[in-house]
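Per our numbering, residue 20 is the first one in the sequence shown, and the count goes up by one each step.
Ideal placement from N, C-alpha and C gives every residue a C-beta, glycine not left out.
Computed from a predicted structure; not experimentally measured.
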Amino acid sequence: MPAHDEALAKVRLDKWLWAARFFKTRSMATEAIDAGHVHLNGDRAKPARTIKVGDRLRVLAAHGEFELVVQALSDRRGPAEVARTLYAETPESEARRAQQAQDRELVPTFEHPLSKGRPTKKWRRQLHDFSRKQQG
Numbered sequence: 020m021p022a023h024d025e026a027l028a029k030v031r032l033d034k035w036l037w038a039a040r041f042f043k044t045r046s047m048a049t050e051a052i053d054a055g056h057v058h059l060n061g062d063r064a065k066p067a068r069t070i071k072v073g074d075r076l077r078v079l080a081a082h083g084e085f086e087l088v089v090q091a092l093s094d095r096r097g098p099a100e101v102a103r104t105l106y107a108e109t110p111e112s113e114a115r116r117a118q119q120a121q122d123r124e125l126v127p128t129f130e131h132p133l134s135k136g137r138p139t140k141k142w143r144r145q146l147h148d149f150s151r152k153q154q155g
């Protein structure tokens, strides 16, 4: 086995999460692992833990919670198309994330064009009038 293939037989968990594009930087991946947001084969993991093909991961990232099986190893961050080949998400995880996305769409949101930042004097008056009508 060539030296490069031998090195890829062992990849650090934080490096793999970064290469698979679950986290933008390795330090963010390390922080998530240390915070307990990443489980390897059902157990809490450490950033330097080596992973192998077939390992099961549960990753709680800012963009969702994923349950996946490691398909390939890489310690280099490449294009998103290549990163998607490194893992296979379980069907249950895909269904749960789809359901959560649908639930988020159904939640009513209040978005007023002036609600960004500090309210203007006119907007404060309107809020005050509205709350006064609701109380009385």
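Measuring alpha carbon to alpha carbon, tell me which residue in the options is nearest residue i.
{"i": "Val88", "options": "Ala67, Gly61, Ala81", "result": "Gly61"}
{"i": "Leu105", "options": "Gly55, Lys29, Arg40", "result": "Arg40"}
{"i": "Ala120", "options": "Leu92, Asp148, Glu84", "result": "Glu84"}
{"i": "Arg100", "options": "Ala28, Leu32, Ala38", "result": "Sequence check: residue 100 is Glu here, not Arg. With distances taken between Cα atoms, Glu100 lies closest to Ala38."}
{"i": "Thr69", "options": "Lys141, His82, Lys152, Ser93", "result": "Ser93"}
{"i": "Arg116", "options": "His82, Ala28, Arg143, Ser46", "result": "His82"}
{"i": "Thr109", "options": "Lys135, Leu36, Gly73", "result": "Gly73"}
So, is residue i buried or exposed, given that buried needs 16 or more other C-beta atoms within 10 angstroms?
{"i": "Leu146", "result": "exposed"}
{"i": "Ala51", "result": "buried"}
{"i": "Phe149", "result": "exposed"}
{"i": "Leu32", "result": "buried"}
{"i": "Phe191", "result": "Outside the displayed range of the chain (20 to 155) lies residue 191, so it cannot be described from this structure."}
{"i": "Leu36", "result": "buried"}
{"i": "Arg59", "result": "Strictly speaking, residue 59 in this sequence is Leu, with Arg absent from that position. It is buried - the Cβ of Leu59 has at least 16 other Cβ atoms within 10 Å."}
{"i": "Ala22", "result": "Confidence at Ala22 is low in this model, with a pLDDT of 41, below 50, so its placement is unreliable and the value that follows should be read with caution. Its Cβ having fewer than 16 others within 10 Å, Ala22 is exposed."}
Under 8 Å by Cβ, that's how I've got residue i and residue j pegged, so tell me the actual separation to the nearest angstrom.
{"i": "Arg96", "j": "Glu86", "result": "The Cβ separation is near 22 Å, so there is no contact."}
Measuring only the C-alpha atoms, how far is residue i from residue j?
{"i": "Lys34", "j": "Pro127", "result": "39 Å"}
{"i": "Lys71", "j": "Val30", "result": "7 Å"}
{"i": "Ala48", "j": "Thr139", "result": "40 Å"}
{"i": "Glu111", "j": "Gln118", "result": "11 Å"}
{"i": "Thr44", "j": "Lys141", "result": "43 Å"}
{"i": "Arg75", "j": "Arg103", "result": "15 Å"}
{"i": "Arg137", "j": "Arg144", "result": "13 Å"}
{"i": "Ala80", "j": "Arg151", "result": "42 Å"}
{"i": "Phe42", "j": "Ala28", "result": "22 Å"}
If the criterion is Cβ atoms closer than 7 Å, does the pair residue i and residue j meet it?
{"i": "Gln90", "j": "Ala107", "result": "yes"}
{"i": "Val57", "j": "Ala64", "result": "yes"}
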